[in-house]
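Asker: Using our numbering, you'd call the opening residue of the sequence shown number 1283 and step up by one each time.
Note that CB positions come from ideal geometry on N, CA and C, so glycine has one too.
Remember, predicted model here, so these are calculated numbers, not experimental data.
This is the structure I have questions about; it appears just below.
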Amino acid sequence: MNTKSAKVTTIGTFDGIHIGHQKILKRVVTLAKKQDLEPVVLTLFPHPRMVLQKDDSIKLLNTINERVVLLKSFGIKDVIVKEFTKEFANLSAKDYVKQILVDELNTKQIVIGYDHHFGKNRNANITDLKEFAQLYNFRVEEISAQDIEDVTVSSTKIRNALDKGQVALANSFLGYTYFITGTVVKGKGIGRTIDFPTANIHIKETYKLIPNEGVYVVKSKIDDNIIFGMMNIGTNPTVGGETRSIEVHFFNFNTDIYESELKIEFLKRLRSEQKFENIEALKNQLAKDKKAALEFIK
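Encoded structure:
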């Protein structure tokens, strides 16, 4: 007899945890509450393409830590992160169901999309899962094609929007504001010399998707205070920059935040990055950007 607490489980990458994903999570939480079970998500990391095709180009909307925090914010009690390895990929569908879903998690109900595939070569589908359900005594609730397609949103659409800098569109698909999490590191200090001091943000997870180059209105929570600012993503061509950096100028703020970890949310894109004739022209544009940002956050 499995003594672990019984669970309602859903399975997936859940990259972005957008409004379509949130519909599934809500159903899992509701079912769990009704049956006095634990609502759980089983997710895989790294992304299978990173492991099987050694694809380093794939960009994800959330780091794995961000994904876990977001999933829990939607009422999920526990997030089981399974390391995706070649060995895991070779697990037969039956072993996957028996060893992980049944023995390890003590799953009593699975909520899953109609198009879910699993097991070695992803050759098992929802029909197979229902057969395993009879064998191992759990229930399957299928999310219909209609339900999934009713929400015309996907992680790919959101990635495409962010690649074009369309943060307002991405945010409408996500149901929350897109954000990055990074550490404040020492920069060249050029911003300070032109009265626009910036915090340079380093993101250690190279797979995290950074929106397109440009200037954005952003906000962050620092010492329990909401601080607004404007962010530049780009190479700073006016001052001869060559590598991409992420810099934030916070409004009415001059606290030392070096080595702090910040969550920074994207509210609006103001413009694309430009190369100006000289520093004076850059300063003038930054003043216009600040005015536009302050108008927006009023």
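(1) Determine contact between the segment 1526 to 1543 and the segment 1481 to 1498, defined as no fewer than three beta-carbon pairs at a distance below 8 Å.
(2) Check the C-beta distance from Leu-1544 over to Val-1422 and give it rounded, since I have them as a contact under 8 Å.
(3) Just to confirm, are Pro-1330 and Ala-1371 a CB contact at a threshold of 8 Å?
(4) Starting from Ala-1481, trace the beta strand (DSSP E) in both directions and tell me its first and last residue.
(5) In terms of residue numbering, what span does the beta strand (DSSP E) encompassing Ser-1527 cover?
(6) Cβ atoms of Lys-1354 and Ala-1288: under 8 Å apart, would you say?
(7) With respect to the beta strand (DSSP E) encompassing Leu-1544, which residues constitute its N-terminal and C-terminal limits?
(8) For Ser-1502, write down the residues that DSSP places opposite it in a beta bridge.
(9) Between the alpha carbons of Gly-1469 and Lys-1315, how many angstroms are there, rounded?
(10) Going by DSSP, what residue range makes up the alpha helix (DSSP H) through Leu-1451?
(11) Relative to the alpha-carbon of Ser-1426, which residue among Ile-1408, Tyr-1460, Val-1363 has its alpha-carbon at the smallest distance?
(12) On a CA-only basis, which of Lys-1308, Ile-1546, Leu-1342, Leu-1324 is nearest Thr-1488? Give me that one, please.
(13) Nearest-angstrom Cα distance between Phe-1548 and Val-1530?
(14) Of the choices Met-1513, Phe-1455, Gly-1447, Ala-1575, whose alpha-carbon is the least far from that of Ala-1437?
(15) According to DSSP, simplified to helix, strand and coil, what is Lys-1402?
(16) If you run the structure through DSSP and keep just helix, strand and coil, what is Ile-1346?
(17) Can you list, in chain order, the residues of its chain with a C-beta nearer than 6 Å to that of Pro-1519? Leave out the 5 residues immediately preceding and following it.
(18) Roughly how many angstroms separate the alpha carbons of Arg-1441 and Ile-1301, rounded to a whole number?
(19) Given that a residue counts as buried once 16 or more other Cβ atoms are within 10 Å of its Cβ, and exposed if not, what is Phe-1400?
(20) Judging by CA-CA distance, which residue of Arg-1349, Lys-1336, Phe-1356 is the nearest neighbour of Lys-1305?
(21) Only counting the same chain, and skipping five residues up and downstream in sequence, which positions put a Cβ closer than 6 Å to that of Gly-1447?
(22) Can you look up Gly-1473 in the DSSP assignment and give me helix, strand or coil?
(23) If you drop the 5 nearest sequence neighbours on each side, which residues of the same chain put their C-beta closer than 6 Å to that of His-1303?
(24) Just the Cα atoms here: how many angstroms apart are Ala-1406 and Lys-1368?
(25) Which runs of the beta strand (DSSP E) spanning at least 3 residues fall entirely within the segment 1375 to 1400, listed in chain order?
(26) For Lys-1364, I'd like the list of residues in its chain whose CB is within less than 8 Å of its CB, leaving aside the five on either flank, ordered along the chain.
(27) For Phe-1327, list the residues DSSP reports as bridge partners.
(28) Ignore the nearest five residues each way along the sequence and tell me which others in Ala-1574's own chain have a CB closer than 6 Å to its CB.
(29) Tell me which same chain residues have a C-beta within less than 6 Å of the C-beta of Gly-1464, skipping the five on either side of it?
(30) Give every residue of the same chain whose Cβ lies closer than 6 Å to the Cβ of Val-1379, excluding the five residues on either side of it in the sequence, and list them in chain order.
Answerer: According to the structure data:
(1) They touch, by the three-pair rule.
(2) With a Cβ gap of about 42 Å, Leu-1544 and Val-1422 do not count as contacting.
(3) If you check the CB distance, Pro-1330 and Ala-1371 come in under 8 Å.
(4) Run containing Ala-1481: 1481 to 1484, per the beta strand (DSSP E) assignment.
(5) For Ser-1527, the enclosing beta strand (DSSP E) begins and ends at 1527 to 1532.
(6) No, the pair does not count as a contact, with Cβ atoms beyond the cut-off.
(7) Leu-1544 -> beta strand (DSSP E) spans 1543 to 1553.
(8) Under DSSP, Ser-1502 shares a beta bridge with Ile-1509, Ile-1546.
(9) Roughly 49 Å separates the two Cα atoms.
(10) 1449 to 1456 is the extent of the alpha helix (DSSP H) around Leu-1451.
(11) That would be Ile-1408, whose Cα lies nearest to the Cα of Ser-1426.
(12) Per the C-alpha coordinates, the member of Lys-1308, Ile-1546, Leu-1342, Leu-1324 positioned closest to Thr-1488 is Leu-1342.
(13) Distance between the alpha carbons of Phe-1548 and Val-1530: 11 Å.
(14) According to the sequence shown, residue 1437 is Ser rather than Ala. Per the C-alpha coordinates, the member of Met-1513, Phe-1455, Gly-1447, Ala-1575 positioned closest to Ser-1437 is Phe-1455.
(15) Secondary structure at Lys-1402: helix, using DSSP grouped into helix, strand and coil.
(16) Correct three-state label for Ile-1346: helix.
(17) Closer than 6 Å at Cβ, skipping near neighbours: Lys-1557.
(18) Each residue's Cα considered, the two are about 14 Å apart.
(19) Buried, by the Cβ-count rule.
(20) Considering only alpha carbons, the answer is Phe-1356.
(21) Cβ within range, chain order: Pro-1493, Asn-1494, Gly-1496, Arg-1551.
(22) In the three-state reduction of the DSSP assignment, Gly-1473 falls in the helix class, which pools H, G and I.
(23) So the list reads Phe-1296, once near-sequence residues are dropped.
(24) Looking at the two C-alpha atoms, the distance is approximately 17 Å.
(25) Qualifying beta strand (DSSP E) stretches, in chain order: 1389 to 1395.
(26) If we look at Lys-1364 and ignore the five residues flanking it on each side, its Cβ neighbours are Leu-1324, Thr-1325, Leu-1326, Phe-1327, Phe-1370, Ile-1382.
(27) The bridge partners DSSP lists for Phe-1327 are Glu-1365.
(28) Shown here for Ala-1574: same chain residues with a beta carbon closer than 6 Å to its own, the five before and five after excluded, namely Leu-1552 in chain order.
(29) For Gly-1464, the CB contacts under 6 Å within the same chain, skipping 5 residues up- and downstream, are Ile-1483, His-1484, Ile-1485 in chain order.
(30) Scanning its chain for C-beta atoms nearer than 6 Å, with the 5 sequence neighbours on each side dropped, one finds around Val-1379 the residues Phe-1414, in chain order.
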